[in-house]
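Trainee: This is the structure, below, for whatever I ask next.
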Amino acid sequence: MSKTYYISLYLLFLGACSGIYSDWENNWQILCPALYPRVFTSFAPSGNLTGGIFRKQPLLTTTNRCVATCCNQQLCHVALMYNMTCYHVQCTSSKMCMPLYRAKLANANPPSMVLVKPVEEDETWNDLLEQENDMSNLMMSDGNEQFSFFGASKRSCSGLEDCAENEVCLKTSSKTSNIGSCECILGYKRNLAGICSSYRDLQNLDLAITPDINEPRIAKESHTSVKPPVKQIFVKTVSKEVRLPENGVTLSAFTVPAEDQVNGHYNYAWTLLSQPEAHTGTMTDQNEMTVKLSNLSEGLYKFKVTVNGENSYGEAYANVTLLPPKRINQAPIPIISPSAQIVKLPNTGAVLDGSASKDDDKIISYRWELQQGPIGYQPRLVDTPTLQLDNLIAGNYTFKLTVEDSNRVTNFTTANITVLKITDYPPSANAGQDVIIYLPQNTLSLNGNLSTDDRGIVGWEWTKSPFDENKAVDMQNTRTPYLQLSNLEEGMYTFVLKVIDDAEQFSTSAVHVFVKPATNMPPKADAGDDITIALPQTEAILNGSRSKDDFKIVFYYWEEIEGPSTVVFTSANKSVTNVTRLTKGDYSFKLTVTDDNGNKDSDLMKLKVTQNKNAPPRANAGGDFTAIAPVNALIINGSQSTDDLKIKEWLWTRDSTSLAIGNIIEASDKSPILMVTDVLPGRYVFRLKVTDDQGLSSEDSVSIIVKPDVQLLNLVELTLNVGAHFLTESQKDSLFVKLQMLLQEEVSIIVRNIKAEPRTGRVVLTFYVERKDNKSTMPGTEVVDKLKEKLGQDSGILQLSVTNVETAICQNNCSGHGTCNQETRQCLCEAFWMQNLIQLYFRNGDSNCEWSILYVIIAVLSLVICWIGFIWGLFCFCQRICYGKRRLLRPKKKPTRYSLLKPETENGNTTWPKWSNQMVLSESDSDSEDVMFDKSKGKSNGNLRKFDQKLKTDGFC
97 MSKTYYISLY LLFLGACSGI YSDWENNWQI LCPALYPRVF TSFAPSGNLT GGIFRKQPLL
157 TTTNRCVATC CNQQLCHVAL MYNMTCYHVQ CTSSKMCMPL YRAKLANANP PSMVLVKPVE
217 EDETWNDLLE QENDMSNLMM SDGNEQFSFF GASKRSCSGL EDCAENEVCL KTSSKTSNIG
277 SCECILGYKR NLAGICSSYR DLQNLDLAIT PDINEPRIAK ESHTSVKPPV KQIFVKTVSK
337 EVRLPENGVT LSAFTVPAED QVNGHYNYAW TLLSQPEAHT GTMTDQNEMT VKLSNLSEGL
397 YKFKVTVNGE NSYGEAYANV TLLPPKRINQ APIPIISPSA QIVKLPNTGA VLDGSASKDD
457 DKIISYRWEL QQGPIGYQPR LVDTPTLQLD NLIAGNYTFK LTVEDSNRVT NFTTANITVL
517 KITDYPPSAN AGQDVIIYLP QNTLSLNGNL STDDRGIVGW EWTKSPFDEN KAVDMQNTRT
577 PYLQLSNLEE GMYTFVLKVI DDAEQFSTSA VHVFVKPATN MPPKADAGDD ITIALPQTEA
637 ILNGSRSKDD FKIVFYYWEE IEGPSTVVFT SANKSVTNVT RLTKGDYSFK LTVTDDNGNK
697 DSDLMKLKVT QNKNAPPRAN AGGDFTAIAP VNALIINGSQ STDDLKIKEW LWTRDSTSLA
757 IGNIIEASDK SPILMVTDVL PGRYVFRLKV TDDQGLSSED SVSIIVKPDV QLLNLVELTL
817 NVGAHFLTES QKDSLFVKLQ MLLQEEVSII VRNIKAEPRT GRVVLTFYVE RKDNKSTMPG
877 TEVVDKLKEK LGQDSGILQL SVTNVETAIC QNNCSGHGTC NQETRQCLCE AFWMQNLIQL
937 YFRNGDSNCE WSILYVIIAV LSLVICWIGF IWGLFCFCQR ICYGKRRLLR PKKKPTRYSL
997 LKPETENGNT TWPKWSNQMV LSESDSDSED VMFDKSKGKS NGNLRKFDQK LKTDGFC
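Quick note on numbering: this note's numbering labels position 894 of the sequence shown as 990, and the sequence is numbered without any gaps.
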């Protein structure tokens, strides 16, 4: 078979496993035979919301998945995508779901719909579309919108909750955007159906689909015959519904691959799984691709079809539903509640409820129409059981409700609404009170906002009285409630306010403005006498209370004109104020006073600051404080130090009790603010010395305690085999995303530091891991163990070579008998303790102090003694064997025979007893050696023993 066939088979199988058929280009006619292959963009069902039941599918975000799932559902006729959301539409009729072009929805994100299957089984979408009179409007879209459902798109996300199972939300590299896309987690890959499946499932799928690729591999490994695997036949059947009195139907099985694409013949077997009670019916052609059913009764029949080929097998299921005969339909009865009602303005809303309408089956649609109403009223009618009206105007209304039942029979009724007007009273103008102003003031604002009307004022108009036409004045904002007047002259003005309501009714009101000549003199400012003070006094009181006016001074303002320093006023808007931050030199201050007519006057005063005796400065190092590591820089502020004139020199020094670590940057030790970097936990003490122009100085000290990092034990250092000048931001972000997936938990990685290794220049990343569920921190040793395990399985899993991964500080307790060297990560054991050599050379090699030297010496000595004993025993064993062999080789000696000595009588004669000739002793005849020998015999016997002893001596191996 061709490679194309196997690819097609793989795509179809993958879609079937996930419930969504993703390859529609070649198989959509088999998988969804009633589908009309076109996407209607900017279209919606012609029946709108009354055309059927809309079911929202929140998990389906692409058109192909929306259509594929709709095809597999019996009660889904149209697939609709709107605002990236899938809707399955169960149409009341095919006509109500015909596509209707919506010009208002033709925007950047228009809706799109696909006709999946018609409601009536004896019709097709193509025939229904050809019957429409406005077919040209339906086909406004060109060929570029042809049906295409293969290929899955990624879903955008802002958090993990927006993604599906086995997916993770990866943010973009942009720092200004929180939007990312859903990606498969580690070990998973997105299939053509858009679902993240594991690599193992995909590999098993490949093995099942392409046996001709895998079988040669098995043949290389074994010369024995192997039974080829059974190939999968994909079988598709279509369930059907039949309405009595029709009681016959056919079911067909469609296969992939088709029978004409394989070498061989398919065997079909149809089996009845379940049937209604009191079943009647006949099945013919049970072993054909199409089975015929007849004489069926009302109810549900379930069938199973199995397809067998040469070394292949497949099966499918189908249902046949026999519906009861159609009943005799009764026309629906529309009911509107209330049938008549009266609405009084200003109320402009009303409700007509048609949900009480009745039918012998069910009502499928409601349609409201305005039969009679006032001219200009355009209602927004929604085809729902309850009609809510608003923006009603005075007049009589007649609304018609038409209801349609499930058999398309309609009936209607009407309801009346009367909207009554209310009495509209004319407005009441109020131009405000008469006003008197005095020159030189020649501007004024008139306020007419106290004018009223029962329904609101829609127009404002200010004019001059006809008697004042020749008087000069500038008028602004004459069409608003607030009139602005300027350039008024001495005299009386009359201004008329006219207000108009929405019924064109109006009212007028007049206001008089009297412009009088100036009656008061400008104020006289007096800033007080000149002042001279001497340091260390750095503040003085400025008194302008002697300023005068014939009426009243309403505003004071102090300002510095010149001086050696910028001073601070405690109350610059009062007659008496205190000025601070003075230094040696001459100052000039200005006081400006204003009366209630806006007249102003100013006066100057001088302040001289001298220095009779220099006072030493006062150092202030800022006070002790505490910081928690990590600290990028310690900032110590000594700018609060003061002097009666000026501080000339600042000098920060480190106290002898302070830690020596830490670098002072940017020569800040000679400035008011000291900055120290590269600090470690501990106590730092600095002394600040300030000196003024006359050489007097003062000192103050500050103590800073830097506490250890609370996350110190959880910090992990990851060393990459990459130079620090090569690592990019995108590589860093990708690395941490992969680390999160390696940990296989809902965690976030907090980067503490990125630096270059001093000797090699390689990148060292310092971070800790925080669990998202309870915001707890994962122990550093646990993170290191997990990463080492994953990297041990695949060292290239991060795509960046990892040189080392370890905790930031050594957390090896050295078995409780030593300390860990932070630089080498090796244990420095206490006296009489040593490394476990077995773990060092045969296990993970972690440094420890598990073995006691005393026990090791005892064990070694015991081993040596046992070894020596074993060798000695072996030596003795060999000696015994050698002695036994020599004894066997020695010639056997005849046993010495002995006889009793003859007893001597007193006369020297020897007498023999009667039994003397019968008793002869040999060496073997007696076990006793206590025998008395004569001298000659005894000597001979002694030589024999010496020879025997020599033989034993010479017989050693």
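Built from N, CA and C at the ideal position, the CB exists for glycine as well.
1. How about G912 and N810: are their beta carbons less than 8 angstroms apart?
2. Could you check whether the stretch 640-658 touches the stretch 677-689, counting it as contact only if at least three pairs of C-beta atoms, one from each stretch, sit closer than 8 angstroms?
3. Here's the rule I'm using: 16 or more other beta-carbon atoms within 10 Å means buried, otherwise exposed. How should E585 be labelled?
4. Return the residue from the list T576, Q467 and K458 that minimises the CA-CA distance to N503.
5. Looking only at DSSP bridge pairs, what is Q572 linked to?
6. Any contact of the stretch 443-460 with the stretch 422-430, i.e. 3+ C-beta pairs under 8 angstroms?
7. Closer than 8 angstroms by C-beta to R858: which residues in its own chain qualify, once you throw out the five before and the five after it? Chain order, please.
8. Enumerate in chain order the residues of its own chain whose CB-to-CB distance from I281 is below 6 angstroms, with the five nearest sequence positions on each side excluded.
9. Taking just the CA atoms, how far does G377 sit from Y364?
10. How many angstroms separate the CA atom of G719 from the CA atom of N708?
11. Should Q572 go down as buried or exposed, given a rule of 16 or more other Cβ atoms within 10 Å for buried?
12. In angstroms, rounded to a whole number, what distance separates the CA positions of V607 and G544?
13. Ends of the alpha helix (DSSP H) at C945?
14. What three-state label does DSSP hand I760 in the structure shown?
15. Check the DSSP bridge columns for N639 and list the partner residues they point to.
16. List the endpoints of the continuous alpha helix (DSSP H) containing M837.
17. For a quick check, are the C-beta atoms of I596 and G555 less than 8 angstroms apart?
18. Count the other CB atoms within 10 Å of the CB of D549; is the residue buried (16 or more) or exposed (fewer)?
19. Can you tell me which of the three DSSP states I533 falls into?
20. Which term fits E762, buried or exposed, when burial requires 16 or more other beta carbons within 10 angstroms of its beta carbon?
21. According to DSSP, is L887 helix, strand or coil?
22. Leaving aside the five residues before and after Q935 along the sequence, list all residues of the same chain whose C-beta is less than 8 angstroms from its C-beta, in chain order.
23. Assign I314 to one of two classes, buried (16 or more other C-beta atoms within 10 Å of its C-beta) or exposed (fewer than that).
24. Any idea what DSSP makes of L730, helix, strand or coil?
25. For a test of the three-state rule: what should DSSP assign to P430, helix, strand or coil?
26. Restricting to Cα atoms, I'd like to know which of D486, F610, T510 and S767 is closest to Q474.
27. When the Cα atoms are used, what is the spatial distance from F136 to C166?
28. Please say whether I731 and M701 have beta carbons closer to each other than 8 angstroms?
29. Using three-state DSSP, classify Q467 as helix, strand or coil.
30. Classify G1034 as buried or exposed, calling it buried when 16 or more other Cβ atoms lie within 10 Å of its own Cβ.
31. For S698, which three-state DSSP category applies?
32. What residues are listed by DSSP as bridge partners for E656?
33. Over the uninterrupted beta strand (DSSP E) stretch that includes L811, give me the two end residues.
34. Whole angstroms is fine: what's the gap from T333's alpha carbon to S348's?
35. Using the Cβ count rule (16 or more neighbours within 10 Å means buried), how would you classify W968?
36. Using C-beta distances below 6 angstroms, list every residue in its chain close to M235, excluding the 5 sequence neighbours before and after it, in chain order.
Mentor: Taking the structure as given:
1. By 1-based counting over the sequence shown, the position of residue 912 is 816. By 1-based counting over the sequence shown, the position of residue 810 is 714. Contact flag unset, no.
2. yes
3. Counting from 1 along the sequence shown, the entry for residue 585 is found at position 489. Exposed, since its Cβ has fewer than 16 Cβ neighbours within 10 Å.
4. Counted from its first residue, the sequence shown places residue 503 at position 407. Ranking T576, Q467 and K458 by Cα distance to N503 puts K458 first.
5. Reading the sequence shown from its first residue, position 476 is the one you call residue 572. Answer by DSSP bridge pairing, in chain order: Q580.
6. yes
7. Along the sequence shown, read from residue 1 onward, the residue named residue 858 stands at position 762. So the qualifying residues of the chain are T815, L816, N817, V818, G819, A820, A852 and T899.
8. For this step, residue 281 is matched to residue 185 along the sequence shown. Counting only Cβ-Cβ distances below 6 angstroms, and skipping sequence neighbours, we find N262, V264 and M837.
9. If you number the sequence shown from 1, residue 364 lands on position 268. If you number the sequence shown from 1, residue 377 lands on position 281. Within the model, the alpha-carbon separation for Y364 versus G377 is close to 20 angstroms.
10. For the purposes of this step, residue 719 is taken as the residue at position 623 of the sequence shown. For the purposes of this step, residue 708 is taken as the residue at position 612 of the sequence shown. For G719 and N708, the distance between alpha carbons rounds to 32 angstroms.
11. Counted from its first residue, the sequence shown places residue 572 at position 476. So Q572 ends up on the exposed side.
12. Taking the first residue of the sequence shown as position 1, residue 607 is located at position 511. Taking the first residue of the sequence shown as position 1, residue 544 is located at position 448. Approximately 10 angstroms between the Cα atoms of the pair.
13. By one-based count along the sequence shown, residue 945 stands at place 849. Careful: C945 lies outside any alpha helix (DSSP H) and carries neither H nor E.
14. On the sequence shown, position 664 is the one that residue 760 refers to. Reduced to three states, the DSSP call for I760 is strand.
15. Reading the sequence shown from its first residue, position 543 is the one you call residue 639. Note: N639 sits in a beta bridge opposite V672.
16. Counting from 1 along the sequence shown, the entry for residue 837 is found at position 741. Note, M837: alpha helix (DSSP H), E825 to L839.
17. One-based indexing of the sequence shown puts residue 596 at position 500. One-based indexing of the sequence shown puts residue 555 at position 459. Closer than 8 angstroms, so yes.
18. Within the sequence shown, numbered from 1, the residue matching residue 549 stands at position 453. Classification for D549: buried.
19. The count along the sequence shown starts at 1 and reaches residue 533 at position 437. Strand, per DSSP.
20. Within the sequence shown, residue 762 is the residue found at index 666, counting from 1. When all chains shown are included, E762 counts as exposed.
21. Mapped onto the sequence shown, residue 887 falls at position 791. Looking at L887 - three-state DSSP - the assignment turns out to be helix.
22. What you label residue 935 is simply residue 839 of the sequence shown in a count that begins at 1. Counting only Cβ-Cβ distances below 8 angstroms, and skipping sequence neighbours, we find G941, D942, N944 and E946.
23. In the sequence shown, the residue the question calls residue 314 occupies position 218. In this prediction, I314 has a pLDDT of 29, which is less than 50 and means its spatial position is unreliable; what the coordinates show is noted afterwards. Exposed, since its Cβ has fewer than 16 Cβ neighbours within 10 Å.
24. As a working note, residue 730 is residue 634 in the sequence shown. In the structure shown, L730 adopts extended strand secondary structure according to DSSP, grouped into three states.
25. Counting from one through the sequence shown, the residue named residue 430 turns up at place 334. Note: P430 maps to coil in three-state DSSP.
26. Residue 474 sits at position 378 when you count from the first residue of the sequence shown. Nearest option by C-alpha distance: D486.
27. What you label residue 136 is simply residue 40 of the sequence shown in a count that begins at 1. What you label residue 166 is simply residue 70 of the sequence shown in a count that begins at 1. The straight-line gap from Cα to Cα measures roughly 16 angstroms.
28. Mapped onto the sequence shown, residue 701 falls at position 605. Mapped onto the sequence shown, residue 731 falls at position 635. For M701 and I731, no; Cβs fall outside 8 angstroms.
29. Residue 467 sits at position 371 when you count from the first residue of the sequence shown. Looking at Q467 - three-state DSSP - the assignment turns out to be strand.
30. Position 938 of the sequence shown, counting from 1, holds the residue named residue 1034. With a pLDDT of only 46 at G1034, under the threshold of 50, the placement of this residue in the model should not be trusted; the figure read from the coordinates follows. When all chains shown are included, G1034 counts as exposed.
31. Reading the sequence shown from its first residue, position 602 is the one you call residue 698. DSSP places S698 in strand when its eight states are reduced to three.
32. Within the sequence shown, the letter at position 560 stands for residue 656. Paired residue(s): F685.
33. Locating residue 811 in the sequence shown gives position 715, where the first residue counts as 1. Neither: L811 is in no beta strand (DSSP E) and is coded neither H nor E.
34. For the purposes of this step, residue 333 is taken as residue 237 along the sequence shown, with counting starting at 1. For the purposes of this step, residue 348 is taken as residue 252 along the sequence shown, with counting starting at 1. Rounded to the nearest angstrom, the two C-alpha atoms are 6 angstroms apart.
35. Here residue 968 corresponds to residue number 872 of the sequence shown, with the count starting at 1. W968 should be labelled exposed.
36. Here residue 235 corresponds to residue number 139 of the sequence shown, with the count starting at 1. Only weak support is given to the placement of M235: the predicted model assigns it a pLDDT of 40, under 50, and the value that follows is read from those uncertain coordinates. If we look at M235 and ignore the five residues flanking it on each side, it has no Cβ neighbours.
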